[in-house]
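Structure first, then comments.
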Amino acid sequence: TTPQIGLIGLGTMGAALALNIAEKGFPIAVWNRTAQVTQDFHAAAGDLAGRITPTATLADLVAAISPPRSIILMVPAGPAVDEQVAALSALLGPDDLVIDAGNANFHDTNRRNAAGLPFRFMGIGVSGGEEGARHGPAIMAGGASADWARMAPVLQAIAARAEDGTPCADHMGPAGAGHFVKSVHNGIEYADMQMIAEVYGVMRDGLGMDAPAIGTTFARWNEGTLRSYLVEISGIVAQAKDAASGGPLLDVILDAAGQKGTGRWTVIEAQNLAAPIPVIEAAVMARNVSSRVAERAAGEAVFGPGPEPVTGLSTGDLEQALIAGKILCYAQGFAMMSAAGGEFGWALDMPAIARVWRAGCIIRSAMLNDMAEALAEDPGRNLMLAPFFADHLRLSLPALRKVVAAGALHGLSCPALAFGLAWFDAMRTARGTANMIQAQRDFFGLHGFKRLDGLDLPHGPWAKG
Ligand code: NDP
2 TTPQIGLIGL GTMGAALALN IAEKGFPIAV WNRTAQVTQD FHAAAGDLAG
52 RITPTATLAD LVAAISPPRS IILMVPAGPA VDEQVAALSA LLGPDDLVID
102 AGNANFHDTN RRNAAGLPFR FMGIGVSGGE EGARHGPAIM AGGASADWAR
152 MAPVLQAIAA RAEDGTPCAD HMGPAGAGHF VKSVHNGIEY ADMQMIAEVY
202 GVMRDGLGMD APAIGTTFAR WNEGTLRSYL VEISGIVAQA KDAASGGPLL
252 DVILDAAGQK GTGRWTVIEA QNLAAPIPVI EAAVMARNVS SRVAERAAGE
302 AVFGPGPEPV TGLSTGDLEQ ALIAGKILCY AQGFAMMSAA GGEFGWALDM
352 PAIARVWRAG CIIRSAMLND MAEALAEDPG RNLMLAPFFA DHLRLSLPAL
402 RKVVAAGALH GLSCPALAFG LAWFDAMRTA RGTANMIQAQ RDFFGLHGFK
452 RLDGLDLPHG PWAKG
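Numbered per the UniProt record's numbering, the sequence shown spans residues 2 to 466.
Given below as structure tokens:
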């Protein structure tokens, strides 16, 4: 059988995705810029090699696929995608479909869609790392409905399945919608990881717990409301031993976090949309601060010692604080996606997004089942107002206040939890403080203000004439 699918880029993700596609019964032709990689990949494909056609040039790849062709691109986001799109333009026709499955910036995907390419084009977000790509990722697809319909049998076959058996692959909307939802996913991933790191820090520096004890605490939390991939792996990594030192691995890892920029894109977009996502913003900020290793050491030399021990705080408080922080973070993320849907004219389906994130992706968690249900009840309502999550928040908020207060008093930096709490308090205060800002703006710039009594007197006594 001649493949109808091709794949370009046999790196970590592409190789795993190609094997997954072949395993699900779809013959596939593959090509990689460095030819040896293609040979090695095919040689190592074992039982699946018969369904995989290795090709030596891009023209060979196109010739090996029967039209209408669907070709998945799994190369680094940015110029490499543009290069491949340009090269394919000379080889493909109007019924062929190119699917960019890398972590593209959704503005690039919109641009490529609008560029009048000689073939059809989709952008899909794939999450789950190498393991997900090989055995079942979450897939957030963007593109024309007809193209989604064409690819859905393949994408749903290779995707992870939620506990109820639904494939975690869905159509998010046109053009860049899939890559947009993937970038919000990554922003939330940054935030989930940061909040876990913050409670880890309170346990380590505030409560004086060692890494194995922290690991068993995470493992215990993973049995409850916080059950999720990231809490699970945090338990595993905290309990891991280092072969070189014989001590905990965590204790020998440099505290400077890397990033490829997808979290930053989400924050920039949130600012453009005037859609507050402070927990994610704090997470991106914290990664940037973490990389300033020498400056932090200089800061400690002047203002140290660093964090102080904390009393009166339990790991149970930290578990509840993490639950509250997580609900607030997701409430912000979904609200941002609602704002984007309105701005870009996409009918983003919030419950469908929560359902896609239930399995396969890095942020998969038990809570996403409940979020999908709460969003299905009323997709336009802020998630924190859904009765199920409002009840959770009423229970967990006192612990979040305690943890943030302890952090502030004892020098334990917990920006994501603190930003989440500040946002929550602003969002549950009917009479805020921006009346002061409006008065100031009117004083120096005569910007005017609305009055609570409805009178048409838009300026203060400083306005002359
Ligand atoms: P790798 O670095 O492992 O592989 C990159 C692949 O792209 C290689 O096959 C490389 O070929 C090829 N390539 C690089 N530049 C070009 C070019 N100019 N033209 C043609 N081919 C090129 O990357 P990953 O597999 O990790 O990532 C691929 C995409 O998937 C990225 O967009 C990434 O952000 C995204 N992604 C990655 C995840 C992960 O966990 N790693 C998770 C989700 C998405 P060669 O062998 O010749 O160098």
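Glycine is no exception: its CB is placed at the ideal position from the N, C-alpha and C atoms.
Compare the Cα-Cα distances from residue i to each of the options and report the closest residue.
i	options	result
residue 171	402, 354, 430	354
residue 27	118, 11, 54, 361	54
residue 32	176, 67, 110, 73	73
residue 50	29, 38, 58	29
residue 379	360, 356, 352	352
residue 152	100, 189, 244	100
residue 148	107, 370, 98	98
residue 59	48, 92, 79	92
residue 104	120, 431, 81	81
residue 330	77, 188, 22	188
residue 156	130, 185, 184, 126	126
residue 385	223, 360, 335, 7	335
residue 262	85, 420, 107, 339	107
residue 375	328, 77, 209	328
residue 274	314, 339, 309	339
residue 315	371, 226, 215	215
residue 159	34, 61, 20, 382	20
residue 96	122, 421, 88, 83	122
residue 347	176, 333, 282, 317	176
residue 17	132, 234, 420	132
residue 162	173, 129, 452	129
residue 154	185, 71, 362	71
residue 4	45, 243, 52	52
residue 439	452, 430, 427, 431	452
residue 229	193, 248, 208	193
residue 285	362, 299, 191, 357	191
residue 124	419, 109, 135, 134	109
residue 337	289, 361, 278	278
residue 217	326, 299, 79, 232	232
Give a yes or no on whether the minimum CB-CB distance between residue i and chain D is below 8 Å.
i	result
residue 398	No chain D is part of this structure, which consists of one protein chain only.
Looking at the structure shown, is residue i part of a helix, part of a strand, or coil, going by DSSP?
i	result
residue 116	coil
residue 426	helix
residue 56	coil
residue 408	helix
residue 1	With the chain covering only 2 through 466, there is no way to say anything about residue 1.
residue 449	coil
residue 121	strand
residue 9	strand
residue 235	helix
residue 216	helix
residue 29	strand
residue 133	helix
residue 317	helix
residue 126	strand
Point to revise | Every unbroken beta strand (DSSP E) within the segment 69-102, with a cutoff of 3 residues, ordered by chain | key: The qualifying runs are 71-74, 98-101.
Exercise for review: Decide if the segment 136-147 is in contact with the segment 174-184; the criterion is three or more beta carbon pairs, one per stretch, under 8 Å apart.
Suggested key: Yes, they touch.
Check your understanding: Fully enclosed by the segment 331-397, which alpha helix (DSSP H) runs are 4 residues long or longer?
Key -> If only complete runs of 4 or more residues are kept, the segment 331-397 shows the alpha helix (DSSP H) at 351-357, 368-378, in order along the chain.
Practice item. Evaluate the contact criterion for the segment 245-254 versus the segment 375-394: three or more CB pairs, one atom per stretch, below 8 Å. Key: no
Point to revise | Whole runs of the alpha helix (DSSP H) within the segment 137-211, excluding any shorter than 4 residues | key: 146-159, 178-202
Review point. Between the segment 315-322 and the segment 393-411, are three or more C-beta pairs nearer than 8 Å?
Key: yes
Check your understanding: So, do the segment 6-26 and the segment 36-44 have three or more beta carbon pairs nearer to each other than 8 Å?
Key -> Yes, the segment 6-26 touches the segment 36-44.
Exercise for review: Count the CB pairs spanning the segment 357-376 and the segment 283-302 that are closer than 8 Å, and state whether there are at least three.
Suggested key: no
Point to revise | Three or more C-beta pairs below 8 Å linking the segment 196-203 and the segment 413-420 | key: yes
Review point. Where in the segment 240-314 do unbroken runs of the alpha helix (DSSP H), each at least 4 residues long, occur, reported from the N-terminal end onward?
Key: If one requires a minimum length of 4 residues, the alpha helix (DSSP H) runs lying completely within the segment 240-314 are 263-274, 279-291, 294-304, in chain order.
**Study point:** Cβ contact (3+ pairs, closer than 8 Å) linking the segment 441-448 and the segment 237-244
**Key:** no
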